[in-house]
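Residue numbers (this note's numbering): 299 to 678.
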């Protein structure tokens, strides 16, 4: 893909990029976003298709649909690839995106461990057989995503869920899946190897990780530098860097009953770093992506790095790219506010962009199991 962006106001933002042969027209990506539009069985609905299509047609290089449930015990309102019965609906979904936009579409695969059996379950409770089952969920989910026409898959390894829990220093397992750095890496390494074996060498497989867990005794950059380098060595096609999201930080926000569906990480400092509110600085998590990008570059790898978290306007996004802090920009809440954010930026109509205020009303809706509407965008 060749596009001359020289002379454009946002030259870097709209420069094309290739991810394992997948050509993206620009570097604006829709980060995985709880949409809440699947039906109770986890099937695609017309509203879900319309939600993502509006944003794909709004000028994005790639839409990452997430989280996509792969665990058969997952709860609504997540869209699913936990069974072959979901392939048909997902195929219609990806076909629509491809037919009516030039955006690529990626499925973020999640095993929401603490909802796999009981919401208080941790990785320390998993038996060897359950660990193998969870690996199998990722493998089958990736195969179904590929069959359904997704251009790529992203392994969810952030925000305190299954893979993030294995990677964290808070992993207290005493077997081969804990104790040491290599032990903490073992689960994600085996998941990736099995997924790669199924989808083949030319299919893009990325991963999202925390740059910092922002919890006591959790991972900091000291650990995540080693993780990012190892992931690049393994052959992941991109690394998306987020932060925080510890579920337990939501105590006092979540009702003290067993959750009827997966509530997001929202309360507490770690939760806020996952979805930075208005009182946090712009681009508050970018330094994490910049550090990890520098680490893997020094190790000799050119793995693309995505950053996200309170990047409100194109000017900020362009600066991040020009300074070499990341290779792609992930947006979620700004696209809830204005699905045409990227298109308006490309056309240099900055004043027409409807800016996200980061009030996090959309997150509050998610907490209550509602679709993640922006209160200022009635059209969605």
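Ideal placement from N, C-alpha and C gives every residue a C-beta, glycine not left out.
Residue i versus residue j: straight-line alpha-carbon distance, rounded
i: residue 631; j: residue 653; result: 10 Å
i: residue 316; j: residue 326; result: 13 Å
i: residue 443; j: residue 362; result: 12 Å
i: residue 658; j: residue 576; result: 8 Å
i: residue 564; j: residue 347; result: Here the model assigns residue 564 a pLDDT of 48, short of 50, so the residue's position is not dependable and the matter cannot be decided.
i: residue 470; j: residue 423; result: 10 Å
i: residue 353; j: residue 648; result: 17 Å
i: residue 311; j: residue 468; result: 37 Å
i: residue 494; j: residue 503; result: 8 Å
i: residue 596; j: residue 619; result: 18 Å
i: residue 357; j: residue 466; result: 36 Å
i: residue 592; j: residue 583; result: 15 Å
i: residue 507; j: residue 307; result: 31 Å
i: residue 486; j: residue 431; result: 13 Å
i: residue 378; j: residue 530; result: 28 Å
i: residue 662; j: residue 655; result: 14 Å
i: residue 405; j: residue 321; result: 16 Å
i: residue 642; j: residue 636; result: 10 Å
i: residue 667; j: residue 336; result: 12 Å
i: residue 589; j: residue 385; result: 38 Å
i: residue 639; j: residue 496; result: 36 Å
i: residue 441; j: residue 488; result: 16 Å
i: residue 581; j: residue 341; result: 34 Å
i: residue 407; j: residue 646; result: 34 Å
i: residue 534; j: residue 524; result: 14 Å
i: residue 622; j: residue 383; result: 43 Å
i: residue 672; j: residue 328; result: 15 Å
i: residue 345; j: residue 460; result: 29 Å
i: residue 475; j: residue 445; result: 31 Å
i: residue 499; j: residue 674; result: 43 Å
i: residue 410; j: residue 304; result: 43 Å
i: residue 510; j: residue 612; result: 25 Å
i: residue 447; j: residue 388; result: 8 Å
i: residue 380; j: residue 366; result: 9 Å
i: residue 526; j: residue 627; result: 18 Å
Alpha helix (DSSP H) segment containing residue i, residue limits
i: residue 441; result: 426-445
i: residue 407; result: Counting along the chain, residue 407 falls outside any alpha helix (DSSP H), though it belongs to the beta strand (DSSP E) covering 402-408.
i: residue 461; result: 460-465
Residue i - DSSP class collapsed to helix/strand/coil
i: residue 477; result: coil
i: residue 483; result: helix
i: residue 396; result: helix
i: residue 492; result: helix
i: residue 580; result: coil
i: residue 452; result: strand
i: residue 609; result: coil
i: residue 586; result: helix
i: residue 591; result: helix
i: residue 513; result: coil
i: residue 672; result: coil
i: residue 547; result: Residue placement at residue 547 cannot be trusted, given a pLDDT of 48 that sits under 50; the coordinates are not used to answer.
i: residue 561; result: Annotation note: pLDDT 44 at residue 561 (below 50); position unreliable, coordinate value reported separately. Three-state result, residue 561: coil.
Endpoints, beta strand (DSSP E) assigned at residue i
i: residue 571; result: Note, residue 571: premise wrong, no beta strand (DSSP E); alpha helix (DSSP H) at 566-572.
i: residue 526; result: Taken as a continuous stretch (DSSP letters only), residue 526 belongs to no beta strand (DSSP E), being part of the alpha helix (DSSP H) at 519-532.
i: residue 320; result: 320-322
i: residue 328; result: 326-328
i: residue 508; result: 503-508
i: residue 536; result: 536-540
i: residue 315; result: 315-317
Whole-angstrom C-beta distance between residue j and residue i, which should lie under 8 Å
i: residue 501; j: residue 604; result: Not confirmed; about 18 Å, so no contact.
i: residue 505; j: residue 538; result: 7 Å
i: residue 457; j: residue 543; result: 3 Å
i: residue 359; j: residue 331; result: In fact, because the Cβ distance is near 16 Å, the residues do not count as touching under 8 Å.
i: residue 567; j: residue 512; result: 6 Å
Proximity test, Cβ basis, 9 Å: residue i and chain B
i: residue 596; result: Of the chains in the structure shown, none is chain B; there is only one protein chain.
Any non-hydrogen atom of the ligand ADP within 8 Å of residue i CB
i: residue 542; result: In the structure on display, the ligand ADP does not appear, and there are no ligands present to speak of.
Could you name each continuous alpha helix (DSSP H) segment of 4 residues or more that falls completely within the segment 613-669, going from the start of the chain to the end?
-> 631-635, 639-644 and 659-665
Only counting runs of 3 or more residues, tell me where the beta strand (DSSP E) segments fall wholly within the segment 333-402, in order along the chain.
-> Counting whole runs of 3 or more residues, the segment 333-402 contains the beta strand (DSSP E) stretches 360-367.
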